[in-house]
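Here is the structure we will look at.
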RNA sequence: GCCCCCGUAGACCAAUCGGCAGAGUCGCCGCUCUUAAACAGCGGUCAGUGUGGGUUCGAGUCCCACCGGGGGCACCA
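Numbering (the numbering used here), first residue to last: 5 to 825.
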């Protein structure tokens, strides 16, 4: 029976020691360069799950590594503790959401501690604490003063299950991102943050995000959806020829203006109702009623027939002077561009479909290729049918024609070049209880009145259980004592705003608060933030690509513009960990393939689970738990530990007299591990540690023996490197090797550059690209010498035979390639 | 439909600048230990890189097309 250690005993033994020594508290005293290691804070739903296990294990490698390298590391943890699951649980169990929330936080905190994370617990925060959301209300008021938070009436996404509105970002394929219910539309007055004002800067500043994953940047670019084109004004006249106010459209194809044969307004846009004549009123209203019934899913269905209704008025095409009919239809969106389009069936398939359904004329203004047999032609080609008395586009390429017609429109004051974005403003109102109240009072006399700063926080009233049952309006509306207040301005009768903020507002600034979480003079301590931000790395899931990861960028830009920050991006480095799946599929109750983190830890120990998480794949790849072997991780950790057990030399011995070949492996491993961590290749780093363990084992058993100073050096190196991933095992090793706890305070092994230099290197010799010989050469051999050696080699000469040597490519000291005729 | 990422042993994954396809792990096979088995240890095993072209002295790596998987956007004018 080989010597082993008991991981469970080690877990119980070291936790109190670490908590006493508390080595991971950020010093923030200027004694070392600062690094901010940020990881997405958890939502307190039950205990930690496998996903937390992965992201925490990965994040901790980096945080512990930076500390080893002498940085003063800020590695905080907190909880995203407002949100619907707690509220729904409270309704079910007739209790207060706080009860469920804070109980889960304690459960998770305990699990995180057991998991051996190097967090600085002194900075812990919860977004549901009044101390936290107070400052969110304060920032909301600053946004409000700048016109960046405002109320407007609009058709909004409504989740009939959660009984609340949703932001565009929270609707995925027409379904609620949270609960999966089919989203419907409602016309409501809601609070918005004007993220659209920042669309261009959100795009431009991506240049700074050099260490963000490309897929996230692409997703954000798609989401923002920048389009270049032009606004064009169309004069409108009523049924008897009376002139009406002109209507502006946005188009990306101003070059096709001559082909605009009709005009469409979004059915649900106010403009449609305004344009509609009395004769067409009932037809329009019937149509609008039908449109309103449609869900988002219906609307997005493919191969949908085009529908619409004539509004009784005509527009005039400013290029052709022709009267064209104006329709209302649901294929035009009210809140994109101007809510109205010029329809060019010749160059747009949607318009083509509508033209066919309503028997409208089709004029091509771009010449399709001879072999084109489709309907609308959207490709490149020379303009045709595009001339009037003042301008002719005929013969021009698309880009040239766009520029020419835009210039003409601008000269005629009938339009202008323009850019629009697909992204909409961020809808932040939620008709639910467990969130940050919006600090606005609605006064009968004064209208919207901000709650004065000195009356913050607006705390949530004490509601629980059935008080919180969804009724389509916020549960806060029923708390009459809370709702009815005196107007802060005139003292008259007023009511509090009863909506709460989207919890993505909470997560847009928590990392600023971490820098000094007990700061009392503002949402964050500007000096502390200057010292720590932007975060040096952020670990978290890719599911937030166009949610949190967009919102927090927006928030930082606004705070910058408010003069509160001197940077414009929250972090320049982001890593998205993959998901932990099982048997090729996401874990779920219905599949019955769930894996419980706690059970895995009970079976294999914390260290083996963490090691498995880090070793299984590159951080950004999914881990299929069916493909990995926590038992193999246990085996490796025992092997590593056994090295410490076998070391026979005394502590403090100078390793220089030790076995050189083992020392070379040790030093090479330390050197490479640093580079691998810097490039987030943690799985490869672990492979290198395993290699070192194997080499040391060999040295002990059949090499220099357990008493050689190089063996001690190697074992100590393994302990330090391994502590990044397996802190309990590393601590056991460190103690066994005769050192005081904690290994976290050990010095990062210094690399001796001389031990990285190899005395000889294997050069390969190819003939016609095929391997023919290997030569042991000095690493600093010259091209000339290497070529001579290679050509003299018997195998090479045989491969060359009597053919003529045309060319010899030499890449000393690694390779020679002989090209023969 | 448009855009992005990824395809390497039975599985998970390595392979700095284009330069010997294999570091590590799992699995499997054999041996050692054991009364036996498990555990553990030691040794071994298998691919020419999704397919087809191209560039190059040389391609897993660069380029093009296609196939397969994952993701984003999508009636956005």
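We treat Cβ as the ideally placed atom computed from N, Cα and C, and that holds for glycine. Values in this document were obtained by computation on a predicted structure and should not be read as measured data.
- Around residue 164, the same chain offers 185 and 188 as residues with beta carbons nearer than 7 Å, after the five sequence neighbours per side are excluded.
- Taking residue 115 as the centre and dropping the five residues before and after it, the same chain places the C-beta of 51 and 52 closer than 6 Å to its C-beta, in chain order.
- In the assembly as shown, residue 671 is a buried residue. Its beta-carbon has 16 or more other beta-carbons within 10 Å.
- Secondary structure note for residue 250: its beta strand (DSSP E) is the uninterrupted segment 247 to 255.
- Taking all protein chains shown into account, residue 222 has fewer than 16 neighbouring C-beta atoms within 10 Å of its C-beta and is therefore exposed.
- About 14 Å separates the beta carbons of residue 527 and residue 534, which is beyond the 8 Å limit, so they are not a contact pair.
- Closest in alpha carbon position to residue 599, among 10, 456 and 55, is 55.
- Rounded to whole angstroms, the Cβ separation of residue 264 and residue 172 is 29 Å, and the two are not in contact under 8 Å.
- The residues 199 and 202, in chain order, have a CB closer than 6 Å to that of residue 558 in the same chain once the five nearest residues on each side in sequence are set aside.
- When the alpha-carbon of residue 654 is set against those of 700, 693, 714 and 663, the nearest one is in 714.
- The alpha carbon of residue 513 has as its nearest neighbour, out of 209, 560 and 814, the alpha carbon of 560.
- In the three-state DSSP reduction, residue 368 falls in the coil class, being neither helix nor strand.
- Taking residue 732 as the centre and dropping the five residues before and after it, the same chain places the C-beta of 11, 14, 15, 18, 120, 609, 610 and 611 closer than 8 Å to its C-beta, in chain order.
- Under DSSP, residue 129 forms a beta bridge with 82.
- With fewer than 16 other Cβ atoms inside 10 Å of its own Cβ, residue 458 counts as exposed.
- For residue 471, the three-state secondary structure derived from DSSP is helix.
- Minimum Cα-Cα distance from residue 146 among the listed residues 789, 504, 815 and 444 corresponds to 444.
- Within its own chain, the residues whose Cβ lies closer than 8 Å to the Cβ of residue 631, once the five positions on either side in sequence are excluded, are 620, listed in chain order.
- Look at residue 514 here: in three-state DSSP terms it is helix.
- About 6 Å separates the CB atoms of residue 772 and residue 824; that is less than 8 Å, so the two are in contact.
- Secondary structure remark: continuous beta strand (DSSP E) runs of at least 3 residues inside the segment 532 to 557, in chain order: 541 to 545.
- The three-state secondary structure of residue 800, taken from DSSP, is helix.
- The way I'd put it, the segment 242 to 253 does touch the segment 336 to 344; three or more beta-carbon pairs between them come closer than 8 Å.
- For a cut-off of 8 Å, the C-beta gap from residue 465 to residue 481 is around 11 Å, too long to register as a contact.
- Cα atoms of residue 142 and residue 569: separation of roughly 16 Å, rounded to the nearest angstrom.
- The way I'd put it, the segment 18 to 36 does touch the segment 744 to 752; three or more beta-carbon pairs between them come closer than 8 Å.
- A contact is defined here as three or more CB-CB pairs under 8 Å, and the segment 672 to 688 meets this definition with respect to the segment 62 to 79.
- Taking a C-beta distance under 9 Å as the contact criterion, residue 553 and residue 506 do not qualify as a contact pair.
- With contacts defined by Cβ atoms closer than 9 Å, residue 260 and residue 160 do not form a contacting pair.
- The beta carbon of residue 429 sits closer than 7 Å to those of 196, 197, 198, 199 and 200, all from its chain and outside the five residues before and after it, given in chain order.
- Under the DSSP assignment, residue 602 falls in the alpha helix (DSSP H) whose first and last residues are 601 to 608.
- Every unbroken stretch of the beta strand (DSSP E) spanning 3 or more residues and falling wholly within the segment 178 to 235 is given here in chain order: 188 to 197.
- Its Cα nearest to that of residue 793, the residue 822 stands out among 808, 822 and 400.
- In this structure, residue 87 lies near residue 439, with their beta-carbon atoms less than 9 Å apart.
- Per the C-alpha coordinates, the member of 786, 815 and 762 positioned closest to residue 769 is 815.
- Inter-residue distance for residue 493 and residue 563 is about 27 Å (C-alpha atoms, whole angstroms).
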